[in-house]
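Written out below as structure tokens is the structure these notes cover.
There are 2 protein chains.
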Amino acid sequence: MTDTYILHEDPRSGDCYKIKLTAALLGIPLETKQYDILQGETRTPEFLSSVNSHGRIPVLQIGDLFLPESNAACWYLASASPLVPEDRFAQAEMLRWMFFEQYSHEPNIATLRFWLQYIGEAHLSEQQRAQIVPKRIAGSDALALMDEHLEGREWFVGDSISLADIILHAYTHVAECGGFALRDYTHVCAWLDKVAAHPRFVAMDDL
Amino acid sequence: MTDTYILHEDPRSGDCYKIKLTAALLGIPLETKQYDILQGETRTPEFLSSVNSHGRIPVLQIGDLFLPESNAACWYLASASPLVPEDRFAQAEMLRWMFFEQYSHEPNIATLRFWLQYIGEAHLSEQQRAQIVPKRIAGSDALALMDEHLEGREWFVGDSISLADIILHAYTHVAECGGFALRDYTHVCAWLDKVAAHPRFVAMDDL
Numbered sequence: 000m001t002d003t004y005i006l007h008e009d010p011r012s013g014d015c016y017k018i019k020l021t022a023a024l025l026g027i028p029l030e031t032k033q034y035d036i037l038q039g040e041t042r043t044p045e046f047l048s049s050v051n052s053h054g055r056i057p058v059l060q061i062g063d064l065f066l067p068e069s070n071a072a073c074w075y076l077a078s079a080s081p082l083v084p085e086d087r088f089a090q091a092e093m094l095r096w097m098f099f100e101q102y103s104h105e106p107n108i109a110t111l112r113f114w115l116q117y118i119g120e121a122h123l124s125e126q127q128r129a130q131i132v133p134k135r136i137a138g139s140d141a142l143a144l145m146d147e148h149l150e151g152r153e154w155f156v157g158d159s160i161s162l163a164d165i166i167l168h169a170y171t172h173v174a175e176c177g178g179f180a181l182r183d184y185t186h187v188c189a190w191l192d193k194v195a196a197h198p199r200f201v202a203m204d205d206l
Numbered sequence: 000m001t002d003t004y005i006l007h008e009d010p011r012s013g014d015c016y017k018i019k020l021t022a023a024l025l026g027i028p029l030e031t032k033q034y035d036i037l038q039g040e041t042r043t044p045e046f047l048s049s050v051n052s053h054g055r056i057p058v059l060q061i062g063d064l065f066l067p068e069s070n071a072a073c074w075y076l077a078s079a080s081p082l083v084p085e086d087r088f089a090q091a092e093m094l095r096w097m098f099f100e101q102y103s104h105e106p107n108i109a110t111l112r113f114w115l116q117y118i119g120e121a122h123l124s125e126q127q128r129a130q131i132v133p134k135r136i137a138g139s140d141a142l143a144l145m146d147e148h149l150e151g152r153e154w155f156v157g158d159s160i161s162l163a164d165i166i167l168h169a170y171t172h173v174a175e176c177g178g179f180a181l182r183d184y185t186h187v188c189a190w191l192d193k194v195a196a197h198p199r200f201v202a203m204d205d206l
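Those protein sequence lines, which keep their order, are chains L and R.
To convert, note that position 97 of the first sequence is 96 in numbering that gives the first Met the number 0; the numbers rise steadily by one, no gaps.
To convert, note that position 114 of the second sequence is 113 in numbering that gives the first Met the number 0; the numbers rise steadily by one, no gaps.
Shown next as structure tokens:
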């Protein structure tokens with residue numbers, strides 16, 4: 000492998016952290032290029048034309064190819080590694096949790112963290128404020144489903160850590176910043192500790 | 000392969016349709032078991048304990064294993080088929096569009112279709128009504144990004160149809176029911192026609 004990897008990122012983003020944690024667990028070096036999303040640095044004409052016309056980070060640059068979407072970038076880095084199970088059903092189950100994370104977890108838990116920790120409740124629009132309660136309920140449901148699944152299990156899929164664990168860890172471990180009480184989910188807490196105990200674990204930059 | 004596949008579904012759901020279209024293109028027989036989500040048939044104690052404790056369809060049953068999440072079910076059916084590119088970057092790019100569909104497309108386009116076509120604007124809660132405009136904007140952004148990507152391309156990834164096309168087709172082709180003007184997106188319209196022209200294409204049950 001002679002590809003150079005450049006991660007276009009904002010270190011406060013859990014989506015960027017997923018990719019850095021995947022790379023760390025695999026011992027893959029990543030260069031990073033940082034943008035401040037609160038300053039609109041991913042909406043400049045240059046960013047839109049050369050990195051991602053969707054105006055979002057993270058984007059994983061692989062040589063001269065650009066790959067948006069955090070979970071797809073993790074898949075790319077981890078393909079053919081022990082972080083992706085080979086068994087057909089186990090692989091699909093891992094993806095099940097990765098799609099769950101995008102649809103049922105991140106829009107609630109990560110969004111409330113972003114609103115409450117980085118924008119601040121006083122600066123939210125009326126529309127955003129009206130969504131706090133529904134997002135609180137849906138995010139709690141997601142944590143409850145994870146907790147139920149983890150009862151009697153060490154990892155989300157099979158007997159070892161996989162991308163499902165890395166990706167769900169990213170915004171779960173900072174869920175308190177979105178106002179979620181993690182202590183209510185004991186199996187989730189035990190699993191977060193297990194992820195953090197991995198010998199190659201790296202913490203999120205802003206901790 | 001001696002597995003029997005049973006799709007637990009509501010035929011009005013585009014998520015269920017994705018799985019049926021994938022199976023049809025691959026010539027895989029699927030049995031179906033139908034539930035009325037509007038009548039709460041996926042929230043019964045029996046469904047929660049035996050099919051999916053998340054209370055959602057679709058669920059793909061493979062022998063005695065249960066796989067929730069539509070995109071994961073499509074992945075399972077299509078693994079090692081021509082619907083999943085073998086090239087490492089192309090495979091990650093396909094997943095990029097599948098994650099985009101879950102985060103940026105479905106919560107806007109499918110949700111507005113569900114609210115406006117099946118619940119009816121008059122029966123929406125105030126909270127839901129307040130989300131119509133933001134979802135209209137975000138859904139239009141998703142369609143615009145797809146349109147831009149499809150300019151000069153026949154398929155989302157590479158030179159042939161893949162899961163990315165099947166999965167994005169599902170809720171895009173019924174976007175008008177959510178109040179989106181598909182004719183504004185000419186490349187998307189041409190691509191929808193191409194998907195529908197596949198020799199093994201099957202239409203959504205409710206059309």
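Built from N, CA and C at the ideal position, the CB exists for glycine as well.
All figures in this text were calculated on a predicted structure; none of them were measured in a lab.
query = What's the gap between the Cα of A141/R and the Cα of L25/R?
reply = 28 Å
message = In the DSSP assignment, the beta strand (DSSP E) including T31/R goes from what residue to what residue?
response = E30 to Q33
inquiry  = Within 10 Å of its beta-carbon, does T171/L have 16 or more other beta-carbons around it, so buried, or fewer, so exposed?
reply    = buried
request  = Assuming A72/R contacts L59/R (C-beta within less than 8 Å), just tell me the rounded distance between them.
outcome  = 4 Å
inquiry  = To be precise: take each residue of the region 41 to 63 of chain R, compare its Cβ to all Cβ atoms of chain L, and keep it if any distance is under 8 Å. Which residues remain?
reply    = S52, H53 and I61
message = By the three-class DSSP mapping on this structure, what secondary structure does P67/L have?
response = strand
message = Looking at the secondary structure, which residues open and close the beta strand (DSSP E) in which E8/R lies?
response = Y4 to E8
task = Please name the residue in E8/L, N51/L and E45/L whose C-alpha comes closest to that of E30/L.
result = E8/L
message = Between C15/L and chain R, is the shortest Cβ-Cβ distance under 8 Å, so that the two count as touching?
response = no
request  = Inspect the CB distances between the region 127 to 147 of chain R and the region 33 to 44 of chain L and report whether three or more fall short of 8 Å.
outcome  = no
query = Taking the C-alpha atoms as reference points, what is the distance between A195/L and L82/L?
reply = 16 Å
request  = Determine contact between the region 181 to 195 of chain R and the region 149 to 169 of chain R, defined as no fewer than three beta-carbon pairs at a distance below 8 Å.
outcome  = yes
ask   = So which residues on chain L does R87/R lean against when the C-beta distance must stay under 7 Å?
value = Y75 and S78
ask   = In chain order, what residues of the same chain have a beta carbon less than 6 Å from the beta carbon of E100/R, not counting five sequence neighbours either side?
value = I166 and L167
key: Enclosing alpha helix (DSSP H) for L149/R [first to last residue]   = I131 to L149
query = Mapping DSSP to helix, strand and coil, what is I61/L?
reply = strand
request  = Might you give, ordered along the chain, the residues of its own chain that have their beta carbon closer than 8 Å to the beta carbon of T43/R, omitting 5 neighbours on each side?
outcome  = none
task = Output yes if chain L places a C-beta closer than 8 Å to the C-beta of R112/R; else output no.
result = no
key: Rounded C-alpha distance that separates G13/L from A109/L   = 8 Å
query = How is G13/L classed by DSSP in three states: helix, strand or coil?
reply = helix
task = Using the Cα positions of A202/R and F200/L, report the straight-line distance between them to the nearest angstrom.
result = 47 Å
query = Would you call the CB atoms of W96/L and A91/R closer than 8 Å?
reply = no
query = When we look at the beta-carbon of L47/L and count the other beta-carbons within 10 Å, is it buried (16 or more) or exposed?
reply = exposed
task = State the Cα-Cα distance for the pair Y16/L and A121/R, rounded to the nearest angstrom.
result = 42 Å
message = Using a Cβ-Cβ distance cut-off of 8 Å, determine whether E8/L contacts chain R.
response = no
key: Own chain, CB closer than 8 Å to H197/R, minus 5 neighbours either side, in chain order   = L24 and I160
request  = Use the C-beta contact count for A163/R: other C-beta atoms within 10 angstroms, 16 or more gives buried, fewer gives exposed.
outcome  = buried
request  = Would you grab the beta carbon distance between L6/R and P57/R for me? Rounded to a whole angstrom, and I think it's under 8 Å.
outcome  = 6 Å
task = Say whether chain R places a C-beta atom closer than 8 Å to the C-beta of L206/L.
result = In this prediction, L206/L has a pLDDT of 43, which is less than 50 and means its spatial position is unreliable; what the coordinates show is noted afterwards. Chain R contact via Cβ: absent.
inquiry  = Please report whether the beta-carbon of Y184/L lies at a distance below 8 Å from any beta-carbon of chain R.
reply    = no
request  = Report yes if the CB atom of D146/L is closer than 8 Å to the CB atom of Y117/L, and no otherwise.
outcome  = no
inquiry  = So that I know if they touch, is there some Cβ in chain R lying closer than 8 Å to that of N208/L?
reply    = What the structure shows of chain L is the stretch from 0 to 206, and residue 208/L is not part of that stretch, so it cannot be assessed.
task = Identify the continuous alpha helix (DSSP H) that holds D192/R and give its terminal residues.
result = T185 to A195
query = Expressed to the nearest angstrom, what Euclidean distance is found between the alpha-carbon atoms of H53/R and A89/L?
reply = 19 Å
CB contact check: L94/L to chain R, cutoff 8 Å = yes
task = Measuring only between beta-carbons, confirm whether L144/L sits less than 8 Å from chain R.
result = yes
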